[in-house]
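Protein chains in written order, with the working numbering: chain B, 1 to 167; chain L, 168 to 334. Glycine is no exception: its CB is placed at the ideal position from the N, C-alpha and C atoms. One structure is given here, and the rest of the page talks about it.
Number of protein chains: 2
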Amino acid sequence: MSEGRSPQGETLLFLTDEQLRQGAEAMFFAYRGFTADPDRILDGLSYGRAHHRALHFIHTAPGTTVNNLLTILGVTKQSLNRVLRTLIEDGLVQSQVGRTDKRERHLYLTEAGETLERELSDAQRSRMRAAFRDAGPEAVAGFRRVLEAMMDPELRRQYHKLRGGRG
Amino acid sequence: MSEGRSPQGETLLFLTDEQLRQGAEAMFFAYRGFTADPDRILDGLSYGRAHHRALHFIHTAPGTTVNNLLTILGVTKQSLNRVLRTLIEDGLVQSQVGRTDKRERHLYLTEAGETLERELSDAQRSRMRAAFRDAGPEAVAGFRRVLEAMMDPELRRQYHKLRGGRG
DNA sequence: CATTTTAAGTCAGCCTTGTTGACATTCCAA
DNA sequence: TTGGAATGTCAACAAGGCTGACTTAAAATG
């Protein structure tokens, strides 16, 4: 498809409504694939996708506060609390009172939490690895560029913050 | 397959666990953006994301049967039926008994249905258009290549079937 | 010091959207 | 004529969102 050599003069075929519609459907179908493998694992346990997301981001940002996690996940504290409570009860997540500000709780994965997080992430990554490999490095770069441009500015900020120093 | 200049010798940095994790987070944040605009419109009406999906795919594949739509959406007939019933009651979707096989129902958008579908899709597309434009045609091609590689084979088949003749 | 604000947690109730299971109807096809 | 497929419907349930109201503790601020 259009290898845009000429930003001005070209037909911009990739911006037609039909192309955009196709892109939307690709997002829909791909997201299903993206969540399918960890979902299968979670089905066996008494957890859902919400638990996976919490584990994922606590792993990524260990010591994060509850408030910070709320912002990242984009849910209410009541929703998150329901998930977090079971994870803490089950010994997958540890909540630690803040040292400088004792109102805050800092969240960490326990060893068991890390183990489950790894199992879920491995399942998810193996599909992504195959997709990335099939598509090649340049496609992956484009993939990321488009996804990033699609985010809300506030979420993009969060995204960069998470990857800061690691990316 | 891999575009790479040096399939063997290169570091394959884009396949490290950290890079894959970053890709997963990009998917998560971008999908939020992807659904945000139509969701805002739906909030006002008494509809949800499920209604949007039904409208979208009936628009894309007019005359589709219920069973076909079930496969595409990946939900149970009971779930779809609940959504479909309200759309039909509200005069957005028309269900037509099949001519050759009278068990089947063929689904079409009414004029009102087309109007709402367009409103929702326009909202979604305007963000995608901006993202595509920002990222450029080559990035968009990569974006689509990766998404397609991420789909379940059965869904990829559905995806191609939908775009057949149009894509 | 008194007051206000912030962080977190909790309770109750509601909605959407997914699920199973059971069952009826209609109609094609062997 | 009978079996099976496609559809529709009813009931019940679960996950995971939401709002609103309220408490506790601690920090920040006047």
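Name, in chain order, the residues that DSSP records as bridge partners for residue i.
| i | result |
| --- | --- |
| Arg272 (chain L) | L:Val264 |
| Thr232 (chain L) | L:His273 |
Taking the straight line between their C-alpha atoms, what separation do you get for residue i and residue j?
| i | j | result |
| --- | --- | --- |
| Asn234 (chain L) | Ser246 (chain L) | 12 Å |
| Lys77 (chain B) | Val83 (chain B) | 10 Å |
| Gly91 (chain B) | Tyr108 (chain B) | 11 Å |
| Ala131 (chain B) | Phe310 (chain L) | 11 Å |
| Arg99 (chain B) | His106 (chain B) | 9 Å |
| Ile58 (chain B) | Asp319 (chain L) | 28 Å |
| Asp17 (chain B) | Arg292 (chain L) | 7 Å |
| Asp43 (chain B) | Thr11 (chain B) | 47 Å |
| Gly164 (chain B) | Val307 (chain L) | 25 Å |
| Val146 (chain B) | Met295 (chain L) | 9 Å |
| Ala135 (chain B) | Ala316 (chain L) | 7 Å |
| Phe195 (chain L) | Arg133 (chain B) | 20 Å |
| Thr282 (chain L) | Glu25 (chain B) | 19 Å |
| Glu327 (chain L) | Phe201 (chain L) | In the sequence as presented, Glu is not what sits at residue 327 (chain L); that position holds His. Cα-Cα distance, rounded: 21 Å. |
| Glu117 (chain B) | Arg188 (chain L) | 12 Å |
| Ser173 (chain L) | Tyr214 (chain L) | Any reading at Ser173 (chain L) must be qualified, since the residue scores a pLDDT of 48, below 50, and its modelled position is unreliable; the value itself is stated next. When rounded, the distance between both Cα atoms is 50 Å. |
| Tyr198 (chain L) | Asn248 (chain L) | 25 Å |
| His52 (chain B) | Glu286 (chain L) | 33 Å |
| Gly241 (chain L) | Pro304 (chain L) | 31 Å |
| Leu155 (chain B) | Leu236 (chain L) | 32 Å |
| Leu15 (chain B) | Gly23 (chain B) | 10 Å |
| Leu45 (chain B) | Leu212 (chain L) | 36 Å |
Is residue i close to chain B, meaning its C-beta is less than 9 Å from at least one C-beta of that chain?
| i | result |
| --- | --- |
| Ala203 (chain L) | yes |
| Glu281 (chain L) | no |
| Leu207 (chain L) | Reading off the sequence shown, one finds Arg at residue 207 (chain L), where the question assumed Leu. For Arg207 (chain L), the answer is no, since every Cβ of chain B falls outside 9 Å of its Cβ. |
| Tyr214 (chain L) | no |
| Ser262 (chain L) | no |
| Thr227 (chain L) | yes |
Near residue i, what residues of its chain come up, given a Cβ to Cβ distance below 6 Å and the 5 sequence neighbours on each side ignored?
| i | result |
| --- | --- |
| Pro229 (chain L) | Tyr275 |
| Ile88 (chain B) | Ser95 |
| Glu271 (chain L) | Thr232, Gly265 |
| Ala217 (chain L) | Val250 |
Please confirm whether residue i has its beta-carbon closer than 9 Å to some beta-carbon of chain L.
| i | result |
| --- | --- |
| Gly33 (chain B) | yes |
| Leu168 (chain B) | No answer is possible for residue 168 (chain B): it lies beyond the span of chain B, which begins at 1 and ends at 167. |
| Asn51 (chain B) | In the sequence as displayed, the identity of residue 51 (chain B) is His instead of Asn. Not an interface residue. |
| His106 (chain B) | no |
| Gly167 (chain B) | Confidence is the limiting factor: at Gly167 (chain B) the pLDDT is only 42, short of 50, which leaves the residue's position unreliable and the question unanswerable from this model. |
Looking only at its own chain, which residues have a Cβ that is under 7 Å from the Cβ of residue i, when we skip the five neighbours before and after it?
| i | result |
| --- | --- |
| Gly334 (chain L) | Its pLDDT being 42, under 50, Gly334 (chain L) is placed unreliably in this model, and the coordinates cannot settle the point. |
| Ala123 (chain B) | Asp37, Pro38, Ile41 |
| Thr71 (chain B) | Gln158 |
| Asp101 (chain B) | none |
| Leu162 (chain B) | Thr60, Ala61 |
Could you pull out every residue in the same chain whose Cβ sits closer than 8 Å to the Cβ of residue i, ignoring the five residues on either side in sequence?
| i | result |
| --- | --- |
| Val93 (chain B) | Ala54, Leu55, Ile58, Leu84, Leu87, Leu107, Tyr108, Leu109, Thr110, Gly113 |
| Ser121 (chain B) | Pro38, His56, His59 |
| Gln19 (chain B) | Leu13 |
Report task. Pull out every residue of the stretch 125 to 145 of chain B whose Cβ sits closer than 8 Å to any Cβ of chain L, in chain order. Result -> Arg125, Arg127, Met128, Arg129, Ala130, Ala131, Phe132, Arg133, Asp134, Ala135, Gly136, Pro137, Glu138, Ala139, Val140, Ala141, Gly142, Phe143, Arg144, Arg145
Query raised in the report: If you measure beta-carbon to beta-carbon, which residues of the stretch 6 to 31 of chain B are closer than 9 Å to chain L?
Result: Pro7, Glu10, Leu12, Leu13, Phe14, Leu15, Asp17, Glu18, Gln19, Leu20, Arg21, Gln22, Gly23, Ala24, Glu25, Ala26, Met27, Phe28, Phe29, Ala30, Tyr31
Query - Contact list for the stretch 230 to 253 of chain L against chain B, Cβ threshold 7 Å - result: Gly241
Query raised in the report: Which residues, in order along the stretch 313 to 330 of chain L, keep a beta-carbon less than 8 Å from a beta-carbon of chain B?
Result: Val313, Leu314, Glu315, Ala316, Met317, Met318, Asp319, Leu322, Arg323, Gln325, Tyr326, Leu329, Arg330
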